[in-house]
Amino acid sequence: MHWLYNGTMDMEVLREILAMLPTGVMLADEDGAVVFANRAALEYLGVDESSLKEINVDGLMDRDSSRKETMVRTRGSERLTIRLSRHPLADGHSVVFLSDITEIHQLQNEILKMDKLASVGELTSGIAHEIRNPLAGIKTTAQALNAELDPGDHRRDYVSRIIIEIDRLNKLLMGFFDFARPGELSIIPCELSKIVENAVYMVRDTARENHVQIIEFHPPRKVVSKADPHMIQQVLMNVLINAIQAMEFGGRLEIHLTERGERMEIQISDTGKGIPDHVKGRIFDPFFTTKPKGIGLGLSISYRIVKMHSGNITFVSNPGGTTFVITLPKDPGKVR
Ligand SMILES: Nc1ncnc2c1ncn2[C@@H]1O[C@H](COP(=O)(O)OP(=O)(O)O)[C@@H](O)[C@H]1O
Ligand SMILES: [Mg+2]
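Residue numbers for the sequence shown follow the working numbering, so the first one is 352 and each next one is one higher.
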C-alpha cells in the first residue's frame, strides 16, 4: 500500500483517518496542553482549531488515567453526554479519547425509570384508581339521563350504549385491581372437587349459550388440600371461560381432577381452535389477548395465583383443541 513505507504510516493519511473517526482523539503534552485534536474531538468540545491551545486536559479531567469521566455540554438545543478517557504515553504525553454516549445515557435513564415502576401492577393500579371515580360519575349521570327519557325515545339507545361501555371499562378496572393486588393468600383446608364444581356452576350458562358440553371427572375419594378457594376458583373460571370462548361453534369441555401423590392435577381440555404457535409464548403475558374485546389479564393473573400456591400451570395445544394442566401441592407450606 502506497502510504505505508518502511512500516511507517504517512502523517497526512493518519490525519485523514483521524478526521474520519467518530471518536474524538486529543493529544496533550506533559502539562496537559492540547497539541492535537481531531474533528470529532473539536466537535465534542465545541471549539475550533484556533482556540485549541486554550484547552488543558488537566482542567477537563483527573490526571489519573484509569478513570473515565463524563462531560455534559449543549449543542444548540441538544444535550450531549461525552465520555472522556485518558491514557498516558511513554514520552509523557497523553491521549484522550472522547465518545458521544448521549444515546446510551438516555437508554440507561429510560431503564432506570422503568425499574422505578417496578411492575405493571404498580402502574396499572395507579391509573385504575384515577379512572374509577370519574367513571362512576359518568355512569350515574348516564343513568339519570336514561331515567328522564321516555321509554320510546330513540336516544335511550345511545345512553344504553354509553352504560354498556362504562361497564366494560369497569370490568377492565377490576382486572387491573386483581392484577395489582399484593398477593395475600388466605389458605384454608378445602376440597378441590368442590372448587371445581363451583367454578363449573359459574360458567354453565355461558357454556350452554355456546353449545359447549361440560364433563367433570373427580377422584374416587375425598381429598382435602390447603389452598385459597376463591383464588383457585378464579383461576379455574379464567381457564374455563377461555376454553368456552375457543369453541366458537360449540364443543366439549372436559375437566379431570386427579390425585397424584402429594399433588393434585386439574386438566381442562377443549375441542376449540387451539393456540397458534406464534402466540404460545405470550398467552401468560399481562394484557396479551387475541380477542377483539379481550383484556388479556385472565391467564397472567391465573399464573400468579398458581405460582403463589407453589403450583404450576402449563398447556398443550394444536388446531383441534387445547389442554391446560394445573398442578397444585396438597400443602403449599410443605413445598420449598
Ligand atoms: N383454551 C384456549 N384456546 C385457545 N386460545 C386460548 C385458550 N386460552 C387462552 N388462549 C389465548 O390466550 C390469550 C390470553 O388469554 P387471557 O389471559 O385469558 O386473556 P383474554 O381471555 O382476555 O384474551 C387469549 O386471547 C387467547 O388467544
Ligand atoms: Mg380470558
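Ideal placement from N, C-alpha and C gives every residue a C-beta, glycine not left out.
query	result
I need the DSSP call for T374, collapsed to helix, strand or coil.	coil
Hey, could you find the ends of the alpha helix (DSSP H) R572 is sitting in?	Taken as a continuous stretch (DSSP letters only), R572 belongs to no alpha helix (DSSP H), as it is neither H nor E.
Kindly indicate which residue of V547, Q584, K577 has the alpha-carbon position closest to the one of F568.	V547
Tell me the residue span of the alpha helix (DSSP H) that contains M649.	Looking at the sequence itself, residue 649 is Gly, so the reference to Met does not match. Segment 649-659, the alpha helix (DSSP H) holding G649.
Below 8 Å, how does it come out for the region 572-583 and the region 676-685: are there three or more Cβ pairs, yes or no?	yes
Do G375 and F448 have their C-beta atoms closer together than 8 Å?	yes
Run through DSSP, which three-state label would D413 get?	coil
Identify which residue in L393, E405, V563, K522 has its Cα closest to the Cα of R426.	L393
Taking only beta-carbon atoms, is V447 less than 8 Å away from chain D?	No chain D appears in the structure shown, which is made up of a single protein chain.
Tell me whether the beta-carbon of V408 lies closer than 8 Å to the beta-carbon of R437.	yes
So, with DSSP's three-state summary, where would you put F527?	helix
Buried or exposed: which applies to G410, given that a residue is buried once 16 or more other Cβ atoms fall within 10 Å of its Cβ?	exposed
Taking DSSP as the reference, what is the three-state secondary structure of V398?	coil
Helix, strand or coil for I433 per DSSP?	strand
From E481 to A487, what does the alpha carbon distance come to, in whole angstroms?	11 Å
Figure out for me which residue from F527, F387, I538 has the closest Cα to the Cα of S651.	F527
Bridge partners for I664 per DSSP, in chain order?	I677
When you measure from the CB of K624 to every non-hydrogen atom of ligand 4, does any distance come out below 7 Å?	In the structure shown, ligand 4 is absent; the only ligands present are ligand 1 and ligand 2.
Run the proximity test for D399: is its beta-carbon closer than 7 Å to any non-hydrogen atom belonging to ligand 1?	no
Kindly indicate which residue of T665, M360, A479 has the alpha-carbon position closest to the one of I634.	T665
Just curious, the alpha helix (DSSP H) that P580 is in, first and last residue?	580-597
Are the region 640-651 and the region 548-564 touching, with three or more C-beta to C-beta distances below 8 Å?	no
So is H660 buried or exposed if we call it buried at 16+ other beta carbons inside 10 Å?	buried
Around ligand 2, what residues have a beta-carbon under 5 Å from a heavy atom of it, in chain order?	N593, G649
Considering only the alpha carbon of each residue, which of P540, G601, Q584, E516 lies closest to A558?	G601
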